[in-house]
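**Q**
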Amino acid sequence: RSVLGVLVIGTFLQICSILAVLARTRRLRALRLRRRSLTLMLRKGLPSLGTNAGQSFTFRLDRYIVAGVLGPAPLGIYSVAVAGSEVLRMLPAAWGQNAFYQVASGARTVSSLRHERRLILTLMVPALIVWGLVAPYLVRFTVGGAYSGAVTPWRILLLGEIGVMAYQIDSR
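Numbers given in the numbering used here equal positions in the sequence shown, counted from 1, plus 32.
(1) Report yes if the C-beta distance between A125 and Q200 is below 9 Å; otherwise report no.
(2) The alpha helix (DSSP H) that contains A125, what's its start and end?
(3) Secondary structure at L151, three-state DSSP: helix, strand or coil?
(4) Using the C-alpha atoms, what's the distance from R64 back to L191?
(5) Out of V114, A182, V166 and F132, point me to the one whose CA is closest to V196's CA.
(6) For the region 67-87 against the region 129-139, are there 3 or more C-beta pairs whose distance is under 8 Å?
(7) Within 10 angstroms of the Cβ of A55, are there 16 or more other Cβ atoms? Answer buried if so, exposed if not.
(8) What does the Cβ neighbour count give for M156, buried or exposed, with the cut at 16 atoms within 10 Å?
(9) I'd like to know whether the C-beta of L39 is nearer than 9 Å to at least one C-beta of chain C.
(10) Looking only at its chain, what residues have a beta carbon closer than 8 Å to the beta carbon of T83, apart from the 5 residues adjacent to it on each side?
Here's what the structure looks like:
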C-alpha cells in the first residue's frame, strides 16, 4: 500500500513541477489539443505500441524463464544482477530520446548524430568497467550480503550492455 502511495505522490509532484515550469516559461497557454497533430500521432504511434510491448516482454523474458526453471531464490539473485547491469543504460537511452526528437523535428539528420552516438558508446565502456568493479560493494550496500551471488552474473551481463545501449539509442 505504501509503495502505491509513494508512486501517486511522486507522479503528482512531477506533474506539478512540469506545470510550474511551463507556467514560468509562458508555455502553459500554448498547450492545446490540435486535431491534426493528435490524428498523426495516433496513426503513427499506435503501431509502435506493439513493438514497444514486444521489446518490454523480450527484455523481461529471461526473468520468467529463470523463475520457471530455477525458482524464486535464484530469480531474486538474478534480478539484482540484471537491475544492476541495466542502470547505466539510462544515459544512452536518454540521449537517444533527445536525438529522436531532434531528427523528428527536422533540427538534425541521423548522419549528423553518428559521431555523438559513437562518442557516447565509447565513453560508456570505461563506465561499465568501473560499474563491474564496484558491483560487490553496490550489491552489499543496496540489498545486503545475501545477494553476493549476483555479482558474477552482473559482470557477465555488463559485457552485452554496449550492444543493448546501441539498440536503445537507435530504437528511441
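C-beta: ideal position from N, C-alpha, C; glycine also.
**A** Taking the geometry as given:
(1) For this step, residue 125 is matched to residue 93 along the sequence shown. For this step, residue 200 is matched to residue 168 along the sequence shown. Going by C-beta atoms, A125 is nearer than 9 Å to Q200.
(2) Reading the sequence shown from its first residue, position 93 is the one you call residue 125. Unbroken alpha helix (DSSP H) run through A125: M122 to A136.
(3) Here the question's residue 151 lines up with position 119 in the sequence shown. Residue state, collapsed to three classes: helix.
(4) Along the sequence shown, one-based indexing puts residue 191 at 159. Along the sequence shown, one-based indexing puts residue 64 at 32. If you take the alpha carbons of L191 and R64, they lie about 45 Å apart.
(5) Working through the sequence shown from its first residue, we reach residue 196 at position 164. Looking at the Cα atoms, V114 is the closest of the given residues.
(6) With the rule of 3 Cβ pairs closer than 8 Å, the region 67-87 does not count as touching the region 129-139.
(7) By one-based count along the sequence shown, residue 55 stands at place 23. Classification of A55: exposed, given that the 10 Å Cβ count is below 16.
(8) The residue you call residue 156 lines up with position 124 of the sequence shown. Burial call: buried.
(9) The displayed structure is made up of one protein chain only, and chain C is not part of it.
(10) The count along the sequence shown starts at 1 and reaches residue 83 at position 51. The answer is none, since no qualifying residue turns up.
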